[in-house]
DNA sequence: AATCGTTGCTTTATCGCTCATTTAAAGATT
DNA sequence: AATCTTTAAATGAGCGATAAAGCAACGATT
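Residue numbers (my numbering), protein chains in the order written: chain A, 30 to 374; chain B, 30 to 374.
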């Protein structure tokens with residue numbers, strides 16, 4: 030039971046007051062060098078370590094930040110967290126992780142728990158089902174910095190780091206058009222339109238068509254489940270079209286994977302017959318035998334930026350609420366699945 | 030600035046002492062129902078919330094656990110963390126995440142930081158380069174429960190949840206033999222033998238050969254880099270063998286992916302010419318057009334078990350150190366890449 | 001010699017909560 | 001009626017660190 034030494038132990042040993050020890054350790058100007066050295070030596074000798082909890086209680090700052098994501102084991106969120114950690118750890122911050130599993134109730138619980146734990150800020154991606162804004166207002170009421178990553182709410186006083194989903198979708202669609210496609214379907218999930226990102230992707234797609242004088246055809250918008258099976262069903266529909274599409278822009282990599290499987294199973298070639306591009310740049314897309322093009326969401330960078338925005342917010346606690354909204358440009362990863370003209374990786 | 034209410038605020042309002050408020054809120058037996066109700070109502074009215082920091086300082090327990098992994102954005106570790114979170118969150122624990130990036134110095138820093146933060150326990154996967162045991166002994170000296178996941182050190186007093194790598198390797202090799210292979214190469218990383226798991230996999234492979242009266246051939250052990258490129262190089266070597274192998278057991282999915290690409294590029298068929306199986310069950314293995322067989326490491330379950338072991342440890346703080354070593358049986362995921370006889374998914 | 005300013009430390013109070021101990025009040029016992 | 005129990009609340013201390021204010025000692029100033 031090597032019970033930790035406190036500043037009191039040091040004080041007693043040196044016959045000085047605890048406050049002096051505290052100042053000596055903090056390199057306070059009003060301390061003599063003699064005492065500083067003496068205290069530091071004794072601290073080392075006793076194996077003293079600052080109790081962060083006491084400091085946190087006293088100062089009201091825990092040096093801890095809460096991060097809430099739908100699920101940790103989704104690559105995208107894992108990378109975001111890594112970005113946050115990479116940025117904040119060197120500055121002495123700890124990161125508390127919470128998951129919502131896309132459940133609004135858990136989201137509320139998580140936020141309350143984090144606030145109780147006195148975190149210095151919260152970075153979060155909202156659930157697909159978040160309806161109630163009030164819990165987020167509570168965060169702001171407490172003057173706790175709130176930064177949304179990727180999935181955001183529009184809330185005065187809250188910052189955000191998001192992807193320009195419109196642009197990503199626009200570029201992906203434009204890329205397909207450049208490859209010679211002129212009948213492009215779009216796979217999406219209408220049910221998630223509240224999250225905003227799917228809506229933006231749909232709009233980017235629509236705009237790209239418009240700018241290229243390709244008529245918009247509502248039948249080409251396929252509303253499916255966001256998984257491989259949904260993609261397979263979409264693949265069937267696509268194969269059954271009288272006027273078969275020659276391109277697919279999917280708002281998710283999993284949906285496009287299903288569609289690809291279905292299309293190939295029916296003897297069509299990708300990208301020759303149908304060129305496809307997904308969204309998210311899931312790790313598996315580049316590992317495939319025929320690598321899948323996708324829109325990269327720069328997760329790592331989003332995490333880093335969110336961390337930086339957080340740091341900006343707390344530079345001056347007296348400052349009126351700073352609100353900062355960063356929009357990241359996505360990066361197209363052109364691979365075989367959409368390279369009719371020039372194959373690439 | 031809706032500054033949080035404390036028990037003193039409640040006490041003042043009701044003209045009772047703070048201690049009574051504390052007891053009332055904690056449902057202490059020596060409190061009258063009248064007071065309890067009164068206090069609870071006032072607490073609600075003032076928007077009181079317990080300050081966990083103060084509680085932690087007072088009680089010496091932070092209700093926080095530290096998790097240190099090489100990298101968060103690796104699927105395997107993400108799943109472990111998810112398992113831990115799923116298990117501990119409902120019991121009121123928070124999880125602080127740290128990364129080592131496989132750097133021993135960062136590992137030491139992380140541990141020190143977590144101990145300063147007064148975590149109630151540490152769950153970790155050591156780096157590939159960990160040499161020094163003393164930092165882990167420090168954890169135990171402080172009576173902080175220490176649980177290793179997957180990558181462990183043998184340390185008296187520390188618990189562990191690991192995979193039976195030997196068994197996984199044995200089963201994978203046996204499976205290839207069952208499929209008719211009798212000249213099986215093994216891809217490994219000799220440099221990582223200190224981590225233990227690669228060594229165990231090699232031994233499982235060796236034992237399976239022995240039990241099936243297949244002579245061990247040291248030339249069939251290929252020591253390569255643990256990535257796709259390493260796998261490609263291994264693939265070349267395999268193709269150049271005079272007596273070409275008909276099976277590959279790889280201790281990593283990335284290595285086998287490279288090997289597969291190389292082999293297919295040379296016109297050979299998988300599994301017909303060469304049957305292959307990897308290790309880790311990375312997500313991409315099942316998404317491939319020709320899904321890759323692999324040994325699943327049950328990451329989620331490992332995380333959950335680690336959390337449970339932690340909870341076991343702290344049931345009775347007075348108890349002598351409990352040491353618990355759980356070894357999980359891996360699960361073979363048989364897919365196309367190794368299914369010569371009966372195709373499966 | 002008396003006063004002033006520095007320097008460097010001590011004292012005291014506080015962050016919010018809880019535990020052990022004490023006190024007070026009411027009821028039970030003879 | 002006087003004492004003993006029981007019960008509920010008050011008191012005070014302390015977890016570990018720090019900030020503000022107070023004070024002693026020294027040398028410098030006039």
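Each residue gets a CB set at the ideal place from its N, CA and C atoms; glycine is no exception.
Here the structure is a predicted model, which is why all the values come from computation and not from measurement.
Report the rounded CA-to-CA distance for residue i versus residue j, giving the unit in angstroms.
i, j, result
"residue 114 of chain B", "residue 169 of chain A", "26 Å"
"residue 308 of chain B", "residue 309 of chain A", "25 Å"
"residue 185 of chain B", "residue 43 of chain B", "53 Å"
"residue 134 of chain B", "residue 280 of chain A", "41 Å"
"residue 386 of chain B", "residue 36 of chain B", "Summary: the structure shown does not reach residue 386 of chain B, with chain B confined to residues 30 through 374, and so no result is reported for it."
"residue 61 of chain B", "residue 52 of chain B", "10 Å"
"residue 84 of chain A", "residue 264 of chain B", "57 Å"
"residue 183 of chain A", "residue 333 of chain A", "21 Å"
"residue 378 of chain A", "residue 339 of chain B", "As shown, chain A starts at 30 and ends at 374. That puts residue 378 of chain A outside it, with no answer to give."
"residue 118 of chain A", "residue 94 of chain A", "10 Å"
"residue 342 of chain B", "residue 248 of chain B", "46 Å"
"residue 396 of chain B", "residue 147 of chain A", "The structure shown does not extend to residue 396 of chain B, since chain B spans only 30 to 374, so no value can be given for it."
"residue 236 of chain B", "residue 328 of chain B", "25 Å"
"residue 318 of chain A", "residue 161 of chain B", "42 Å"
"residue 46 of chain B", "residue 120 of chain A", "40 Å"
"residue 212 of chain A", "residue 284 of chain A", "18 Å"
"residue 352 of chain A", "residue 250 of chain B", "58 Å"
"residue 373 of chain A", "residue 171 of chain A", "For residue 373 of chain A, the predicted model reports a pLDDT of 47, less than 50, meaning its position is unreliable and no value from the coordinates is stated."
"residue 325 of chain A", "residue 365 of chain A", "15 Å"
"residue 331 of chain A", "residue 155 of chain A", "15 Å"
"residue 201 of chain A", "residue 361 of chain A", "7 Å"
"residue 244 of chain B", "residue 289 of chain B", "25 Å"
Where does residue i fall in DSSP's three states?
i, result
"residue 365 of chain B", "helix"
"residue 128 of chain B", "strand"
"residue 267 of chain A", "helix"
"residue 108 of chain A", "helix"
"residue 308 of chain B", "strand"
"residue 154 of chain B", "coil"
"residue 45 of chain B", "coil"
"residue 123 of chain A", "strand"
"residue 97 of chain A", "strand"
"residue 87 of chain A", "helix"
"residue 148 of chain A", "coil"
Skipping 5 residues on each side, what residues in its chain have a beta carbon closer than 7 Å to that of residue i?
i, result
"residue 258 of chain B", "287"
"residue 100 of chain A", "106, 128 and 130"
"residue 72 of chain B", "39 and 54"
"residue 303 of chain B", "274, 275, 276, 277, 292 and 297"
Short of 6 Å in beta carbon distance, which residues of its chain neighbour residue i, apart from the five on each side in sequence? Order them along the chain.
i, result
"residue 218 of chain B", "227 and 255"
"residue 159 of chain A", "133"
"residue 164 of chain A", "137 and 140"
"residue 127 of chain A", "97 and 139"
"residue 314 of chain A", "282, 321 and 323"
"residue 261 of chain B", "287 and 291"
"residue 377 of chain A", "This structure leaves residue 377 of chain A out entirely; chain A is present only between 30 and 374."
"residue 354 of chain B", "189"
For residue i, which residues in the same chain have their Cβ closer than 8 Å to its Cβ, ignoring the five residues on either side in sequence?
i, result
"residue 75 of chain B", "34, 38, 39 and 42"
"residue 89 of chain A", "147"
"residue 176 of chain B", "150, 151, 152, 153, 187, 188, 189, 190, 335, 338, 339 and 342"
"residue 49 of chain A", "40, 60, 64 and 68"
"residue 122 of chain B", "92, 93, 94 and 149"
"residue 268 of chain A", "291, 292, 295 and 297"
"residue 300 of chain B", "208, 365, 366, 367, 368 and 369"
Any contact of the segment 231 to 240 of chain A with the segment 194 to 213 of chain A, i.e. 3+ C-beta pairs under 8 Å? Judged by pairs of C-beta atoms under 8 Å, the segment 231 to 240 of chain A touches the segment 194 to 213 of chain A, as three or more such pairs exist.
Please identify, using Cβ separations under 9 Å, the residues of the segment 64 to 83 of chain B that lie next to chain A, in order along the chain. Cβ contacts with chain A come from 78, 79, 80, 81, 82 and 83.
Along the segment 86 to 105 of chain A, what residues have a CB closer than 7 Å to any CB found in chain B? Listed in sequence order: 86, 91, 100, 101, 102 and 104.
What are the residues of the segment 287 to 298 of chain B that lie near chain A, defined by any Cβ-Cβ distance shorter than 8 Å? Against chain A - using a Cβ distance shorter than 8 Å - the residues of the segment 287 to 298 of chain B are 290 and 293.
Chain-ordered residues of the segment 153 to 185 of chain A with a beta carbon less than 7 Å from chain B: Taking 7 Å as the cut-off between beta carbons, the residues of the segment 153 to 185 of chain A near chain B are 170, 171 and 172, in sequence order.
So, do the segment 262 to 276 of chain B and the segment 199 to 210 of chain B have three or more beta carbon pairs nearer to each other than 8 Å? These segments touch.
Check each residue of the segment 313 to 327 of chain A: if its Cβ is closer than 8 Å to any Cβ of chain B, include it; give the result in chain order. Those would be 313, 316, 317, 318 and 319, in chain order.
Chain-ordered residues of the segment 105 to 116 of chain A with a beta carbon less than 7 Å from chain B: Going along the segment 105 to 116 of chain A in chain order, one finds 107, 108, 110, 111 and 114 with a Cβ nearer than 7 Å to chain B.
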